[in-house]
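Basically this note's numbering = 1-based index in the sequence shown + 4. Everything below concerns the one structure shown next.
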Amino acid sequence: MADTARDPPPDRTDFHEVEDGEDLFPEPNATRESQPASLSAVDISTNSNGPKQDSFFDDDNEDLFAEATEEVSLDSPERDVLLSDGPSPAITPITPPTSVITPRIGHAHDDMFTHSSFDEIEEEEGGDSFDIHISVSDPEKIGDGMNAYMAYKVTTKTSMSLFKQRDFSVKRRFSDFLGLHGKLASKYLHIGYIVPPAPEKSIVGMTKVKVGKEDQSSNEFVEKRRSALERYLMRTVKHPILLKDPDVLQFLESTELPRAVNTQALSSAGILRMVNKAADAVNKMTIKMNESDAWFEEKQQHFENLDLQLKKLHASVESLVCHRKELSVNTAQFAKSAAMLGNSEDHTALSRALSQLAEVEEKIDQLHQDQANADLYLFSELLGDYVRLIGAVKGVFDQRMKTWQKWQDSQMLLQKKREAEAKLQFTNKPDKLQQAKDEIKELEGKVQQGERDFEQISKTIRKEVSRFEKERVKDFKMIIVKYLESLVQTQQQLIKYWEAFLPEAKAIS
């Protein structure tokens with residue numbers, strides 16, 4: 005890939021370093037030839053161990069780093085501490101709905117900037133060293149009214165030497181999970197790591213839990229959130245870098261956490277986040293990146309299509325869940341009507357058959373409820389998770405574009421400073437010449453660093469996407485098999501019920 009395809013001047017020039025009143029004078033861009041070509045450096049295959057650093061080895065058809073290649077798997081709010089320091093409020097246990105099936109889904113990522121190398125991490129994962137399971141259980145309502153909040157028991161079981169104990173538990177509230185995600189995103193997102201997203205806030209659902217009495221919808225909301233938090237933590241700790249992050253270790257082990265702030269959806273911080281998101285969307289449309297790496301162009305299009313189709317399928321499965329719940333209600337009503345008719349029937353055999361039909365329909369009602377829960381907690385939740393995870397994947401592609409734009413901005417500013425230096429030399433102004441040289445030297449360092457950052461984030465994203473795709477296929481296979489098994493079991497049980505009732509129907513005379 006030629007440098008001319010990679011170094012187009014950007015459309016915007018919002019820089020603070022430009023000196024006022026300086027005239028621009030063209031000067032040969034001598035030092036640019038010495039800069040390595042970043043886009044060509046990142047134009048590597050997925051089986052490469054990184055960007056090629058030397059073109060002298062191009063004649064060798066053998067990949068010198070093939071043995072060092074490692075496949076990488078991925079595994080995706082804000083935070084707040086758990087219990088307040090005030091007097092102990094009333095604690096109300098929340099009973100989850102029955103017959104809930106909650107899958108365990110995990111993901112993993114990696115880091116390459118400030119942590120150990122990818123190869124070392126893969127060696128750790130290849131052995132038996134990774135052994136950790138986290139469960140989120142016992143949701144409790146703390147306090148009353150609008151000041152109430154939900155607290156969850158987070159239990160960790162592991163044999164890893166990273167932790168002080170093998171089995172330990174802490175209490176965390178929902179805002180703590182949001183806070184953990186916020187900290188991790190601020191550390192790793194801008195360098196290309198796919199940080200699993202935390203479950204979204206639900207003002208309506210939580211308000212019903214806070215001020216309303218316990219009912220089926222409130223219990224389903226709490227159980228759905230509990231399950232989502234558990235999957236979020238498992239995805240996070242299966243990322244070999246995030247697992248070692250001090251904030252993750254503190255979240256899992258510490259009895260007390262620093263109280264999280266700015267996690268409310270309707271707070272000024274929440275509004276600011278919405279404004280920043282809108283600004284990012286506008287910037288994304290205005291930044292025109294001449295993508296010369298076919299791999300990135302192909303993957304971006306792939307994830308756009310995948311995002312669209314997953315959202316459609318998710319909406320369809322949620323409609324199916326509603327249909328099964330409605331079918332369950334209608335089946336229960338049918339069972340009640342059949343029982344009442346049987347009690348009113350004078351014919352003994354017919355009365356007995358109607359009564360048994362009502363019993364069969366009551367059993368089928370429970371089957372429909374169980375299958376609706378399987379539709380929700382097995383299939384629908386998986387699709388919802390991956391809709392949010394693909395949003396995180398698209399987020400790292402946006403960060404790569406921002407890194408590229410920052411690099412291009414530095415190049416353009418360097419060019420302007422060199423032109424200004426040439427003008428000073430031409431007009432013989434030695435008093436300002438040294439200052440101009442110092443500024444050029446500083447900008448040259450920024451340009452070089454910008455190119456290295458772009459190469460590094462491109463390399464990281466390749467490995468993160470490889471990990472994500474591998475885990476995505478594994479997750480979908482596991483969940484679809486479980487979902488199909490639940491469907492088969494439901495149908496087999498239905499046949500069993502009807503076969504048992506058929507002789508009674510035939511006995512009517």
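The beta carbon of each residue, even a glycine, is placed where N, CA and C say it ideally should be. It should be emphasised that the depicted structure is a prediction, and the values quoted were computed from it without experimental measurement.
Where residue i sits in the DSSP three-state scheme
{"i": "Tyr156", "result": "strand"}
{"i": "Thr259", "result": "coil"}
{"i": "Leu166", "result": "coil"}
{"i": "Asn294", "result": "coil"}
{"i": "Ala202", "result": "coil"}
{"i": "Phe134", "result": "coil"}
{"i": "Ile207", "result": "helix"}
{"i": "Tyr381", "result": "helix"}
{"i": "Ser320", "result": "helix"}
{"i": "Ile245", "result": "coil"}
{"i": "Gly196", "result": "coil"}
{"i": "Ile109", "result": "Confidence in Ile109 is poor, its pLDDT being 37 and thus under 50, which makes the residue's placement unreliable; the coordinate value appears in the next sentence. In this structure, Ile109 counts as coil in the three-state DSSP scheme."}
{"i": "His185", "result": "helix"}
{"i": "Asp350", "result": "coil"}
{"i": "Arg36", "result": "With a pLDDT of only 39 at Arg36, under 50, the local geometry of the prediction cannot be trusted, and no value is derived from it."}
{"i": "Leu513", "result": "One point to set straight first is that residue 513 is Ser, not Leu, in the sequence displayed. Here Ser513 sits in coil by DSSP."}
Which listed residue (the options) has its alpha carbon closest to that of residue i
{"i": "Thr259", "options": "Phe307, Ser173 and Lys421", "result": "Ser173"}
{"i": "Val354", "options": "Ser513, Arg328 and Ile368", "result": "In the sequence on display, residue 354 carries Leu and not Val. Selected option, being the one with the closest Cα: Ser513."}
{"i": "Met416", "options": "Leu387, Val391, Ala440 and Leu447", "result": "Leu447"}
{"i": "Phe300", "options": "Ser348, Val397 and Gln220", "result": "Val397"}
{"i": "Gly209", "options": "Glu503, Ser221, Ile198 and Val199", "result": "Ser221"}
{"i": "Tyr156", "options": "Lys168, Thr162, Arg176 and Glu224", "result": "Arg176"}
{"i": "Gly149", "options": "His194, Tyr192, His372 and Thr211", "result": "Thr211"}
{"i": "Met164", "options": "His185, Arg239, Phe134 and Lys191", "result": "Phe134"}
{"i": "Lys367", "options": "Thr240, Ala504 and Phe181", "result": "Ala504"}
{"i": "Val140", "options": "Leu246, Asp180 and Gln313", "result": "Asp180"}
{"i": "Leu243", "options": "Phe472, Leu233 and Ser206", "result": "Strictly speaking, residue 243 in this sequence is His, with Leu absent from that position. Closest option to His243, Cα to Cα, is Phe472."}
{"i": "Leu331", "options": "Glu302, Phe178, Asp311 and Gln373", "result": "Gln373"}
{"i": "His137", "options": "Arg170, Asn151 and Ala152", "result": "Arg170"}
{"i": "Val215", "options": "Ile484, Phe178, Met405 and Asn151", "result": "Asn151"}
{"i": "Arg229", "options": "Pro201, Asn309 and Phe178", "result": "Phe178"}
{"i": "Lys463", "options": "Asp479, Arg404, Val492 and Gly395", "result": "Arg404"}
{"i": "Lys187", "options": "Arg476, Leu312, Lys433 and Asp251", "result": "Asp251"}
Beta-ladder partner(s) of residue i, from DSSP
{"i": "Ser139", "result": "Thr159"}
{"i": "Phe172", "result": "Thr160"}
{"i": "Arg177", "result": "Ala155"}
Residues of its chain near residue i, where Cβ-Cβ distance is below 6 angstroms and the 5 sequence neighbours each way are ignored
{"i": "Leu256", "result": "Thr160"}
{"i": "Pro40", "result": "Legend: pLDDT at Pro40 = 39, less than 50; position of this residue unreliable, no value from coordinates given."}
{"i": "Gln375", "result": "Arg328 and Thr494"}
{"i": "Thr407", "result": "Asp457, Phe458 and Ile461"}
{"i": "Tyr487", "result": "Leu382 and Phe383"}
{"i": "Tyr192", "result": "Val199"}
{"i": "Leu418", "result": "Leu447 and Val451"}
{"i": "Tyr501", "result": "Val364 and Lys367"}
{"i": "Ser518", "result": "Because the chain here runs from 5 to 513, residue 518 falls outside it and cannot be looked at."}
Close-in-space but distant-in-sequence residues of the same chain around residue i (CB under 8 angstroms, 5 per side omitted)
{"i": "Glu365", "result": "Thr335, Ala336, Phe338, Ala339 and Ala342"}
{"i": "Asn347", "result": "Ser355 and Ser359"}
{"i": "Trp411", "result": "Ser42, Val451, Gly454, Glu455, Asp457 and Phe458"}
{"i": "Glu349", "result": "Ser355 and Leu358"}
{"i": "Leu498", "result": "Ile368 and Leu371"}
{"i": "Leu166", "result": "Leu247, Lys248 and Leu253"}
{"i": "Leu387", "result": "Leu314, Leu317, His318 and Val321"}
{"i": "Ile394", "result": "Phe307, Leu310, Asp311 and Leu314"}
Contacting residues, own chain, Cβ-Cβ under 7 angstroms from residue i (five flanking each side not counted)
{"i": "Ser384", "result": "His318, Val321, Glu322 and Val325"}
{"i": "Ala511", "result": "Ala353"}
{"i": "Leu428", "result": "Lys436, Leu437 and Ala440"}
{"i": "Ala189", "result": "Val199"}
{"i": "Ser414", "result": "Leu447, Lys450, Val451 and Gly454"}
Range covered by the alpha helix (DSSP H) that runs through residue i
{"i": "Ser462", "result": "Pro434 to Lys510"}
{"i": "Val226", "result": "Gln220 to Val241"}
{"i": "Phe401", "result": "Glu385 to Thr431"}
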